[in-house]
Amino acid sequence: MHGSEDSDADVLAESTHPPEGITYAASFPGVDLVCDRRLKFYRPSELPAYLLKAAAGRRVILHAMHSVSDWLAFAVWEEGRLRRSLSLSPDGGIVENVGDPLPFEAPYWAGDRAMEDYALPFHPLDLGNEALRSFFGFLLEGSLSPEDVDPDTVPLLGFARTRADAVRRPRSGR
Numbered sequence: 082m083h084g085s086e087d088s089d090a091d092v093l094a095e096s097t098h099p100p101e102g103i104t105y106a107a108s109f110p111g112v113d114l115v116c117d118r119r120l121k122f123y124r125p126s127e128l129p130a131y132l133l134k135a136a137a138g139r140r141v142i143l144h145a146m147h148s149v150s151d152w153l154a155f156a157v158w159e160e161g162r163l164r165r166s167l168s169l170s171p172d173g174g175i176v177e178n179v180g181d182p183l184p185f186e187a188p189y190w191a192g193d194r195a196m197e198d199y200a201l202p203f204h205p206l207d208l209g210n211e212a213l214r215s216f217f218g219f220l221l222e223g224s225l226s227p228e229d230v231d232p233d234t235v236p237l238l239g240f241a242r243t244r245a246d247a248v249r250r251p252r253s254g255r
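This note's numbering applies: residue 82 is where the sequence shown begins, and numbers increase by one.
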C-alpha cells in the first residue's frame, strides 16, 4: 500500500517530468492535472482502467513526451471510452494510432510540418507541443501566443510517495 507526504510546490513548466517518487498535482475549475512518471505508457491506450474509473466519466487526457528519444504519446477518453491514442518516435515508428486524428493533428499528417531527412513525416515533439496547446492551453517549448497560459505561472503541489509500512508509527511500551 502506498501513501504520500507533502513535498515542495513548483510550477507547471518545471513539473511535467518529476523525479522518481514525486507526483505533482493541481486542481482548477474544469481540470485536474497530475504529473507522474508512472503515467508514461508506450501504448497510451493501456492506461489502467482504475484510473479511468476514478475520473467518473469525465474527459481524461494522457500526454507524455521524452525529448531524448523524440517520443510522443497521447490519448483521449470521453466518458470512459477511448477516442484517440497516438504513440510514435523516430526509432519505434508509429507504435499506436487509434481513432480519428484530432483537428490540431491535420497539418502534421498533411505534410505541412514535414522535416527533411527525418524518420517520420514530422517531428513528434512539435506535434506534442501542439497537443499541449490544444488540450491544456500551454506550451513547454516555443513561443507563447497571447491566448496561451504561461506554464511558469501555474502552481502545482508536489507529493512524495511513501510506502505505508514505512510511515513512522508511535512506539508502544517504550
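A virtual CB, placed ideally from N, CA and C, is assigned to each residue, including glycine. Bear in mind that the values here come from a model prediction, so they are computed numbers and not experimental data.
Residue j beta carbon less than 8 Å from that of residue i
i    : j    : result
E159 : R140 : yes
E186 : L208 : yes
D151 : L206 : yes
H241 : G138 : The amino acid occupying residue 241 in the given sequence is Ala; His does not appear at that position. No, Cβ-Cβ distance for A241 and G138 is not below 8 Å.
A145 : L114 : no
A156 : L143 : yes
P171 : Y199 : yes
A154 : P184 : no
V92  : P232 : yes
Proximity test, Cβ basis, 8 Å: residue i and chain D
i    : result
F122 : The structure shown contains no chain D, having only a single protein chain.
Cross-strand partners of residue i (DSSP beta bridge)
i    : result
W152 : H147
N178 : L167
F109 : V112
R162 : E159
P236 : V92
V141 : W158
Exposed unless 16 or more other CB atoms sit within 10 angstroms - verdict on residue i
i    : result
P182 : exposed
Y131 : exposed
R165 : buried
P227 : exposed
P129 : exposed
H83  : Low confidence applies to H83: its pLDDT is 48, below 50, so where it sits in the model is not reliable, and the reading given next is rough at best. The residue in question, H83, is exposed, as its Cβ has fewer than 16 Cβ neighbours within 10 Å.
R162 : exposed
P99  : buried
T104 : buried
R214 : buried
F109 : exposed
F203 : buried
S224 : exposed
E211 : buried
S148 : exposed
Start-to-end residues for the alpha helix (DSSP H) that takes in residue i
i    : result
F217 : 205 to 217
A135 : 130 to 135
P188 : 187 to 190
Near the ligand FAD: residue i beta-carbon under 7 Å from a heavy atom
i    : result
R119 : Absence of the ligand FAD is noted for the structure shown, with no ligands found whatsoever.
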